[in-house]
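These notes are about the structure you will find just below.
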Amino acid sequence: YTTSLIGYYKNDWREIIFNKMFVSDRRRRTEMEVNMGKLKVMHVLCMSTYSGAENVAITLINSLKDRVDSIYVSPNGSIRKVVQQNGIEHYVIDRVDVKNIKKAIRDIKPDIIHAHDFTAGTICSLSTRKIPIINHLHNNPPWIKKIGLKSILYGFSCYRYRKILTVSNSIMDEFIFGKFFKKKMTIIGNPINLSSIKRKAEAAEENEKFDVLFLGRLMPPKNPILFVDIIADLVKKLPNLKVAIVGEGDLKIKIEKKITQYNISKNVVLYGFQENPYVFVKNTKILCVPSVWEGFGLVAVEGLCFGKPVIATPVGGLKDIVNNECGKLCVEKNEFVSEIYRLLTDSTYLDKKSSGALKRAIIFDNIDEYSKIIIDTYEEVLGEI
57 YTTSLIGYYK NDWREIIFNK MFVSDRRRRT EMEVNMGKLK VMHVLCMSTY
107 SGAENVAITL INSLKDRVDS IYVSPNGSIR KVVQQNGIEH YVIDRVDVKN
157 IKKAIRDIKP DIIHAHDFTA GTICSLSTRK IPIINHLHNN PPWIKKIGLK
207 SILYGFSCYR YRKILTVSNS IMDEFIFGKF FKKKMTIIGN PINLSSIKRK
257 AEAAEENEKF DVLFLGRLMP PKNPILFVDI IADLVKKLPN LKVAIVGEGD
307 LKIKIEKKIT QYNISKNVVL YGFQENPYVF VKNTKILCVP SVWEGFGLVA
357 VEGLCFGKPV IATPVGGLKD IVNNECGKLC VEKNEFVSEI YRLLTDSTYL
407 DKKSSGALKR AIIFDNIDEY SKIIIDTYEE VLGEI
């Protein structure tokens, strides 16, 4: 992969400078298609499971159905059922690599490629020289902060993108080469449709109530191990504590072992992947988001939507979502334990934070504005061809 990328760009600077010379035929075809019908956009995602980026892509596609013909391209997995339930065309590939993306491009013939996150963007940049690419970044992993193989390769790929969409200021601010691509960047946050989220929660049948919820992939960036440590300390003070962990991932077995070691199996239930996780958010008192890093922090907004205080780490977009009116930002484990304990033992304090959460959620209800920004971006990108 590294060799192919370096080789691809080694003799390609002329095209980067004079790329408009290669796309006159593409312009004519695109103008005809746009005039005759819907714009065709190919969304590329690397994961076969459903989580934050996948949620954003599906919400975005649904909001643009009247104006854009969208095809969801990803490996097969649990995501397939979610995509199909939303009535979205799903083009399944074995993995996101150059060979498969080139084939998808030939079959789909998109006007625009909307590549979600770093890997999908980089692979798409290697797969076509003519079709405009929008790279949509949903998170800011630590490697973007320093010079290294990944950051250099991604930096090369940025020359290919017409636009780079980010969910928070922190992504390009932290990217070591971000200053070179500021003109391509647009900060758009995430599409939030509060009424849709609430409808989905009401449609579910889960009636179990919880004190604390963890919702997210069981992977190192989401820090579920710290969550279990927090719960273990809380159970010492609140032996009847009820906790739900919703999500799948590589750390599941390690989490199960920790739960057994702490002897808190009666307190914590692992629900695995859930097609409709919103009912769990509705049925909890508190949402805990102890992430090591985040892009936007969509799950926090979902918690606020139901009036749930969000206790989170001050990383990525979470710093712009959570404040002392609707929750609290914590760094150390003891801070999490102390704040959650106070919320669960002081009903007046919990009610105050819950009210603040509902008020805070309103400012993130942006689906119409978000859809317009995306359409304007598509039109701008096509106008540059």
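Residue numbers (our numbering): 57 to 441. Glycine is no exception: its CB is placed at the ideal position from the N, C-alpha and C atoms. From a predicted model like this one, the values you see are computed outputs, not experimental measurements.
Check                                                                                                                                     : Outcome
Contacting residues, own chain, Cβ-Cβ under 8 Å from valine 90 (five flanking each side not counted)                                      : Reliability fails at valine 90, whose pLDDT of 49 lies under 50, so the model's placement of it is uncertain and the value that follows must be treated cautiously. Cβ within range, chain order: Asp167 and Leu438.
Simplified DSSP assignment, three categories, for cysteine 382                                                                            : coil
Buried versus exposed call for threonine 178 [16 or more other C-beta atoms within 10 Å across all chains shown]                          : buried
Local Cβ density within 10 Å of glutamate 435, reported as buried at 16 or more and exposed below that                                    : exposed
Residue range of the unbroken alpha helix (DSSP H) whose run includes glutamate 395                                                       : 389–401
Beta-carbon proximity check, methionine 98 vs isoleucine 164, cutoff 8 Å                                                                  : yes
Assigned exposure category for arginine 273 - 16 Cβ within 10 Å defines buried                                                            : buried
Alpha-carbon to alpha-carbon, glycine 245 and isoleucine 418                                                                              : 14 Å
Residue range of the beta strand (DSSP E) that includes aspartate 18                                                                      : In the structure as shown, the chain starts at 57 and stops at 441, and residue 18 therefore has no counterpart that could be examined.
Stretch-stretch touch, CB-based, cutoff 8 Å, three pairs: the region 357–376 with the region 292–302                                      : no
Three-state class that DSSP yields for cysteine 344 in the structure shown                                                                : strand
Glutamate 331 - DSSP class collapsed to helix/strand/coil                                                                                 : coil
Sub-8 Å separation of isoleucine 248 and asparagine 379 beta-carbons                                                                      : no
Delimiting residues of the beta strand (DSSP E) encompassing alanine 266                                                                  : The sequence shown places phenylalanine at residue 266, not alanine. Note, phenylalanine 266: beta strand (DSSP E), 266–271.
Contacts around asparagine 195, its chain only, beta-carbon distance under 6 Å, and the 5 residues preceding and following it disregarded : Gly351
Inter-stretch contact at 8 Å, needing at least 3 Cβ pairs: the region 296–306 / the region 209–229                                        : no
Among Ile396, Tyr106 and Asp229, the one whose alpha carbon lies nearest that of threonine 340                                            : Ile396
Contact under 8 Å by Cβ, glycine 383 with lysine 409                                                                                      : yes
For valine 348, the nearest candidate out of Lys96, Leu385, Pro276 and Ala259 (CA to CA)                                                  : Pro276
Reduced DSSP secondary structure (H/G/I, E/B, other) of glutamate 304                                                                     : coil
At least three beta-carbon pairs within less than 8 Å, the region 257–264 to the region 278–291                                           : no
Beta-carbon spacing of asparagine 132, valine 148 below 8 Å                                                                               : yes
Test item: CB-CB of valine 160 and isoleucine 189 under 8 Å                                                                               : One point to set straight first is that residue 160 is alanine, not valine, in the sequence displayed. Not a contact, by the Cβ cut-off of 8 Å.
Beta-carbon gap between cysteine 102 and valine 152 smaller than 8 Å                                                                      : yes
Within 8 Å, strictly: CB atoms of valine 197 and leucine 282                                                                              : The question names valine, yet the displayed sequence has proline at residue 197. The answer is no: Cβ separation not under 8 Å.
Of the residues Ala356, Phe233 and Val337, the one placed nearest isoleucine 377, counting alpha carbons only                             : Ala356
Residue ranges of each alpha helix (DSSP H) within the region 149–219, 4 or longer                                                        : 154–164, 173–183 and 205–213
Residue environment, lysine 338, which counts as buried when at least 16 other CB atoms sit within 10 Å                                   : buried
Residue environment, asparagine 279, which counts as buried when at least 16 other CB atoms sit within 10 Å                               : buried
Buried/exposed call for arginine 162, threshold 16 Cβ in 10 Å                                                                             : exposed
Outcome for glycine 204 when other beta-carbon atoms lying within 10 angstroms are tallied against a minimum of 16                        : exposed
Cβ pair isoleucine 528, asparagine 323 closer than 8 Å                                                                                    : As shown, the chain starts at 57 and ends at 441. That puts residue 528 outside it, with no answer to give.
Proximity test, asparagine 319 beta-carbon vs the ligand GTP heavy atom, cut-off 7 Å                                                      : For the ligand GTP, the structure offers nothing, since it holds no ligand at all.
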